[in-house]
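Enquirer: Numbered by this note's numbering, the letters in the sequence shown go through residues 40 to 220 in order. Before I ask anything, let me first share the structure, which is written out below as structure tokens.
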Amino acid sequence: MTAIIQCLLFLLSLKLCYATSDHHSITTASSPNFTSILGPKLVDGHGNETSLSSLTQTSRYYTVHFALFFTAQWCLPCRYFTTALTSVYSQINRKRGKKFYVIVVSRDESEDSFREYSKHLPASWFRVPFEEEGKREDLARAAAAVYPPTLTILDRKLRLVNGNARRDLMADRHAKRYPWG
40 MTAIIQCLLF
50 LLSLKLCYAT
60 SDHHSITTAS
70 SPNFTSILGP
80 KLVDGHGNET
90 SLSSLTQTSR
100 YYTVHFALFF
110 TAQWCLPCRY
120 FTTALTSVYS
130 QINRKRGKKF
140 YVIVVSRDES
150 EDSFREYSKH
160 LPASWFRVPF
170 EEEGKREDLA
180 RAAAAVYPPT
190 LTILDRKLRL
200 VNGNARRDLM
210 ADRHAKRYPW
220 G
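In structure tokens:
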């Protein structure tokens with residue numbers, strides 16, 4: 040019986056997570072101000088703070104992109120997508136002249152769930168602290184992240200490149216068309 044319930048929950052989460060696969064390819068002239076929403080500092084998986092400006096001002100010889108990854112422990116498709124994103128993240132950052140930063144934005148309902156899920160994410164990925172609920176909600180609204188998993192790609196100046204990069208990443212697992220914009 041438990042297996043049947045787990046299967047039904049999985050199918051329901053697939054429906055919720057993939058029902059909006061085309062819900063937001065945002066290409067507007069006026070991109071949301073992600074710089075002001077994110078604020079001056081980011082926190083990595085070890086709890087170390089890094090200034091956002093130090094990342095955006097990486098050498099001009101590097102192509103820099105940021106990925107806002109909206110995810111949650113309860114979302115089974117998020118777990119599968121995390122594996123794909125981790126692989127692509129490693130591939131991109133191994134390429135000469137490329138810097139790809141992931142910023143995790145939790146859609147979990149509790150800090151304990153987020154903390155547990157974070158243990159399975161690369162420590163080099165930045166996280167929006169769970170207690171900053173306003174920031175997490177503002178980012179979700181700005182990125183039109185209705186359901187997780189959602190991946191939004193921003194350029195060096197934190198301008199929107201691709202509001203629906205999850206689908207594009209899954210179709211390009213070797214990142215040949217990165218940043219999928």
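Here a beta-carbon is modelled for each residue, glycine too, at the ideal position from N, C-alpha and C.
(1) Cα separation between A12 and S149?
(2) Assuming K14 is part of the alpha helix (DSSP H), what are its boundary residues?
(3) In its own chain, which residues sit with a C-beta less than 8 Å from the C-beta of K80, not counting the 5 before and 5 after it?
(4) Is any non-hydrogen atom of the ligand PLP found closer than 7 Å to the C-beta of Y140, if you look at the structure I gave you?
(5) Quick check for students: name the residue ranges of the alpha helix (DSSP H) that lie wholly in the stretch 113 to 197, counting only runs of 4 or more.
(6) Count the other CB atoms, across all protein chains shown, that sit within 10 Å of the CB of Q96; report buried if there are 16 or more and exposed otherwise.
(7) Does the contact criterion of 3 or more C-beta pairs under 8 Å hold for the stretch 204 to 213 versus the stretch 118 to 126?
(8) Quick check on this structure: which residue in L94, S93, D83, Q130 has the alpha carbon closest to the alpha carbon of V144?
(9) Within a Cβ cutoff of 8 Å, which residues of the same chain sit near C46, ignoring the five residues on either side of it in sequence?
(10) Considering just the uninterrupted stretch of the beta strand (DSSP E) at A106, what are its terminal residues?
(11) Using 8 Å as the Cβ pair cut-off and three pairs as the minimum, do the stretch 153 to 169 and the stretch 195 to 206 touch?
(12) Identify which residue in K196, L190, W219 has its Cα closest to the Cα of S93.
(13) Quick check on the DSSP output: the beta strand (DSSP E) that includes T89 runs from which residue to which?
Expert: Once the coordinates are examined:
(1) No statement about residue 12 is possible, as the shown extent of the chain runs from 40 to 220 and does not include it.
(2) What the structure shows of the chain is the stretch from 40 to 220, and residue 14 is not part of that stretch, so it cannot be assessed.
(3) Taking K80 as the centre and dropping the five residues before and after it, the same chain places the C-beta of E88, T89, S90, L91 closer than 8 Å to its C-beta, in chain order.
(4) The ligand content of the structure shown is nil, which means the ligand PLP is not present either.
(5) The qualifying runs are 115 to 133, 150 to 157, 172 to 181.
(6) Exposed is the call here.
(7) At 8 Å Cβ cutoff, the stretches touch.
(8) The residue from L94, S93, D83, Q130 with its alpha-carbon nearest to that of V144 is D83.
(9) Unreliable positioning characterises C46 in this predicted model, as indicated by a pLDDT of 42, which lies under 50. A coordinate reading is not provided.
(10) Taken as a continuous stretch (DSSP letters only), the beta strand (DSSP E) holding A106 covers 102 to 110.
(11) Between the stretch 153 to 169 and the stretch 195 to 206, the count of Cβ pairs shorter than 8 Å is below three; the stretches do not touch.
(12) Answer by Cα proximity: K196.
(13) Element bounds for T89: 88 to 90.
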